[in-house]
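Going by our numbering, the sequence shown opens with residue 32, and the numbers climb by one from there.
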Amino acid sequence: MKLKQTTVLKLNKKLVWEQLMKPAVLDYISWPLLKFRYYSAAPLLWQTGTYTTELKLFGFIPFGQQSIEIEFVHSNNDTLILRDNGHGQHIKKWDHWIYLLDKDEQTTQYTDEVEIGAGLITPFI
32 MKLKQTTVLK
42 LNKKLVWEQL
52 MKPAVLDYIS
62 WPLLKFRYYS
72 AAPLLWQTGT
82 YTTELKLFGF
92 IPFGQQSIEI
102 EFVHSNNDTL
112 ILRDNGHGQH
122 IKKWDHWIYL
132 LDKDEQTTQY
142 TDEVEIGAGL
152 ITPFI
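In structure tokens form, the structure reads like this:
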């Protein structure tokens with residue numbers, strides 16, 4: 032299943048990017064549906080690499096292990112790109128791309144694109 036959503040934020044692209052770099056923002060956005068428990072301490076800022084987590088539905092129902100695989104993709108223009116090519120016990124494919132593009136100095140076009148593969152439970156993810 033593929034999903035794509037674009038929105039315009041009345042924020043500077045640099046500020047939006049700085050917030051996206053914080054794992055705490057992922058934790059905030061995901062709550063209360065999902066809680067991530069990092070096996071190693073979560074970094075203050077995302078860096079290229081793999082972060083292994085245990086997922087909890089609603090903060091307490093075990094939902095298996097999930098790897099968050101962060102990479103920063105270079106573009107030929109001024110678009111900033113963050114990718115999580117993750118996978119896990121129940122969510123076999125989580126290919127999530129975030130694109131940030133300046134509309135003007137104080138406005139950012141934010142695009143979320145994700146491909147999810149979780150078998151029969153895919154529509155519920």
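Backbone N, C-alpha and C fix where the C-beta goes; we use that ideal spot for every residue, glycine too.
A quick note: this is a predicted structure, and the numbers were derived from the prediction, not measured.
N- and C-terminal bounds of the beta strand (DSSP E) containing residue i
i	result
K134	124–135
Q78	Element bounds for Q78: n/a, residue is neither H nor E.
8 Å Cβ cutoff met for residue i and residue j
i	j	result
L111	W48	yes
L113	K44	no
I101	T79	yes
I152	H118	no
D109	D135	no
Extent of the continuous alpha helix (DSSP H) run through residue i
i	result
S61	54–61
L46	44–51
According to DSSP, residues forming a beta bridge with residue i
i	result
Y141	T38, L131
V104	I112
G90	Per DSSP, none; premise fails for G90.
Y69	T84
K33	E146
Through-space distance from residue j to residue i, alpha-carbon basis
i	j	result
L34	V145	5 Å
F155	I92	15 Å
W125	A149	9 Å
F94	L51	24 Å
F89	F67	10 Å
T142	V39	9 Å
T138	T81	31 Å
Residue i - DSSP class collapsed to helix/strand/coil
i	result
I152	helix
Q120	coil
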